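In our numbering, the protein residues as written are 110 to 615. The beta carbon of each residue, even a glycine, is placed where N, CA and C say it ideally should be. This one's a predicted model, so the numbers in the text were calculated from it and none came from an experiment.
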Amino acid sequence: MMKNKILLFNPRSANAKHRIPNSILQVGAAIHGKFDYVFVDGNLEDNAWKTIDDYFKTGEFKYFCSTVMPGPQLKEAIPFSKKIKESYPNCITIWGGYFAANQFKVSINSGYVDYIISGPGDVAFPSLIEALEANDYERISKIKNLIYKEEEQIITTAKEALLDQNSLPNLPYEFMDTFYPLKNYLAKTFMGNKTLSYHSSMGCPFTCSFCAVVPIYNARWKGKSAENIYKDVKFFKDTYNIDAVEFHDNNFFTSRKRVVEFSKLLLGQNIQWWGEGRIDTINKYSDEDLHLMREAGCKMIFLGAETGNDEVLKQMNKGGTQSGKMIEDFVVRMKKVDIIPELSFVLGMPAKTKEKVYEQILWDINFIKKIKKLNPDAEIIIYLYSPVPTEGSDLYQQILDAGFSFPETLEEWIEPSWEKFDLRKNPLTPWLSPKMIDTIRNFETVLNGYYPTVSDFRIKGYKKSLLRLVSGYRYKYNIYKFPYEIKALHKIWKYRQPEIQGFYSE
Ligand code: B12
Ligand code: SF4
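Structure below.
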């Protein structure tokens, strides 16, 4: 039995029914059988700090390792990492995940995060633990995907080539089940009674300048084979009787061949599924492919539409061939094959003048209405542009020139103003005025009133009719100001927009 045990922590990310914490599960797979470790899922703990502290009180634990994505997870990751260092000064803290990798300077300068795994941890994490256990500090500088501090200098080691995803060890589902019964993670969603969350690929082949995936993966992508995905899905079907899957990949549809093969394997299994993709990638699929996907259960696809304006698409470095016209044609195509396009728009991009910023917001609102006319089933997600540190890109330079800067301490990240930043609902970007944010938020409320998301499956029948009735005249006549009556109904029925805590589930 190893003395220096490892604690893998998933900070709380949502209040309602929770997803399988794939990040720590995959990190667990990398050390399974090599080191002793435990999982703590903040989502399922009433008092996660007590659970962590109880483990450390045994004197058997040395490594506190947390996955950290921006937003609510910071509220546990930051204070717990600080507290663990204060209470157990000999412990070593290791962070991974998107926040840690993108905001590595502020994280490592905090003094209570010792190491950051930037990007995949499948090799980096076990290598780091091995080196630390052997007190071999020389070896640490040779481990790829690592960030740490040495003599006041931040060391960023080389990036590792993406691994063959089929050669990775199986996820330790059964071990996780001994901490938190897996069945509790299989939620009822609009797709089915038991929904599995699955991640089948790393990275993305594109370099959109607003996207947090880019600084980490830099246009690289690798996925598991269709057979291997199917094997895992089938395991859950046979063991837990799942009937739906949410694919959490950044870009599930990158390889048409993989999607087609997977769809063929899934035919007749009665499983509905959802994934994220690009319009211009999927638009290259044939009608036959799309029909096959639908028949194999593909119910909805999340797509980064971003904007209908070709100039702004260029500013976003969207790459590929996407255009406003393509978005219009695509939603019509999706209607014919009966797959719901879930389009995300990014409003509030910087422009030369404030007037231009506002003009573009109004333009996009009209574009969204046009899309809804072409395909009323299209779901619309509205984000406000929240900068990510894509150093070296024109867009990042533009936002720095406009006076934007990130917090300089980790504690600032959990102040109420910054906490909401990456939720992309109210970023602190200097070119957006409160009036512009109100316009967007009010339009969003009216839109969600007139077209409530299908993913909140409780909003149906009279609830849906009443919502549509009270928002109809506003939607038709562009009267968005003070939509209190719609907000009140949303509040009473606890309407859940999918973009903050995922699809409504129970
Ligand atoms: C599932 C998910 C969620 C779930 C929560 C999951 C949970 N952990 O409980 C929900 C739906 C709640 C959610 C919400 C949000 N999310 Co989220 N989420 C994801 C998603 C789709 C999958 C994460 C995942 O499981 N990946 C699978 C694992 C295997 O990959 P991984 O995390 O990269 O892990 C590897 C490495 O990073 C590293 N690693 C990761 N953690 C650790 C920890 C240690 C100790 C070590 C050693 C290594 C390590 O090793 C792993 C194996 O190689 C990602 C996108 C993605 N494809 O990753 C977005 C993503 C992380 N989310 C994102 C965001 C912004 C959010 C939100 C803040 C905002 C929003 N509107 O979406 C909200 C709010 C957060 C909240 N409520 O806390 C962004 C982050 C962007 C950024 N600026 O950094 C991402 C990248 C999506 C995107 N492309 O924009 N999210
Ligand atoms: S296609 Fe999507 S995941 Fe890929 S870089 Fe662009 S926004 Fe990010």
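Checklist entry - How is residue 469 classed by DSSP in three states: helix, strand or coil? => result helix
Checklist entry - Should residue 176 and residue 133 be called a contact, given that it needs their Cβ atoms to be closer than 7 angstroms? => result yes
Checklist entry - According to DSSP, which residues form a beta bridge with residue 450? => result 410
Next on the checklist: Assuming residue 237 and residue 252 are in contact, meaning their beta carbons sit under 8 angstroms apart, how far apart are those beta carbons, in whole angstroms?
Outcome noted: 6 angstroms
Next on the checklist: ligand 1 and residue 274: does any heavy atom of the ligand fall closer than 6 angstroms to the residue's C-beta?
Outcome noted: no
Checklist entry - CB residue 228 to CB residue 254, shorter than 7 angstroms? => result yes
Next on the checklist: Quick check: the Cα distance between residue 489 and residue 198, rounded to an integer number of angstroms?
Outcome noted: 48 angstroms
Checklist entry - How close, in whole Å, do the beta carbons of residue 319 and residue 455 come, if the pair is a contact with beta carbons under 8 angstroms? => result 6 angstroms
Checklist entry - Helix, strand or coil: how does DSSP classify residue 386 here? => result strand
Checklist entry - Measuring from the CB of residue 329, is there a heavy atom of ligand 1 at a distance below 6 angstroms? => result no
Item to check | Per-residue burial, residue 549 [other beta carbons within 10 Å of its own, 16 or more giving buried] | outcome: buried
Item to check | Which of helix, strand or coil DSSP assigns to residue 232 | outcome: coil
Checklist entry - If you count every other CB in all the chains shown that lies within 10 Å of the CB of residue 451, and 16 or more means buried, which is it? => result buried
Checklist entry - By the 10 Å Cβ neighbour count, where 16 or more other Cβ atoms means buried, how is residue 473 classified, buried or exposed? => result buried
Next on the checklist: By alpha-carbon positions, which one of 330, 366, 395, 409 ends up nearest to residue 356?
Outcome noted: 409
Checklist entry - Is residue 231 near ligand 1, judged by its Cβ being under 6 angstroms from some heavy atom? => result yes
Checklist entry - How about residue 543 and residue 508: are their beta carbons less than 7 angstroms apart? => result no
Checklist entry - Do residue 119 and ligand 1 come close, with the Cβ less than 6 angstroms from some heavy atom? => result yes
Checklist entry - Between the C-alpha atoms of residue 606 and residue 377, what's the straight-line distance to the nearest angstrom? => result 31 angstroms
Checklist entry - Who are residue 493's beta bridge partners in DSSP? => result 456
Checklist entry - Looking at C-alpha atoms only, which residue of 463, 512, 478 is the closest neighbour of residue 546? => result 463
Checklist entry - Looking at the structure shown, is residue 305 part of a helix, part of a strand, or coil, going by DSSP? => result strand
Checklist entry - Do the segment 479-488 and the segment 555-571 meet, that is, are 3 or more Cβ pairs less than 8 angstroms apart? => result yes
Next on the checklist: Do residue 513 and residue 539 have their beta-carbon atoms positioned less than 7 angstroms apart in this structure?
Outcome noted: yes
Checklist entry - Which residues mark the beginning and the end of the beta strand (DSSP E) in which residue 255 is found? => result 255-259
Item to check | residue 442 beta carbon near ligand 1 (any heavy atom closer than 6 angstroms) | outcome: no
Checklist entry - What do you reckon, are the CB atoms on residue 554 and residue 523 nearer than 7 angstroms? => result no
Item to check | Exposed unless 16 or more other CB atoms sit within 10 angstroms - verdict on residue 182 | outcome: buried
Item to check | Buried or exposed (CB count within 10 angstroms, at least 16 for buried), residue 511 | outcome: exposed
Checklist entry - What residues in its chain sit with their C-beta under 8 angstroms from that of residue 184, if we drop five residues either side in the sequence? => result 120, 121, 523, 528
Checklist entry - Is it buried or exposed for residue 591, if we count other Cβ within 10 angstroms and need 16 for buried? => result exposed
Checklist entry - Under 7 angstroms, do residue 140 and residue 290 count as touching if we go by C-beta distance? => result no
Checklist entry - Nearest to residue 150 by alpha carbon, out of 158, 144, 143? => result 158
Next on the checklist: For residue 144, list the residues DSSP reports as bridge partners.
Outcome noted: Paired residue(s): none; residue 144 is not in a bridge.
Checklist entry - Taking only runs of the alpha helix (DSSP H) that begin and end inside the segment 164-251, which ones reach a length of at least 4 residues, in chain order? => result 183-196, 207-211, 213-217, 233-242, 246-249
Next on the checklist: On the criterion of 16 or more Cβ atoms from any shown chain inside 10 Å, does residue 328 qualify as buried, or is it exposed?
Outcome noted: exposed
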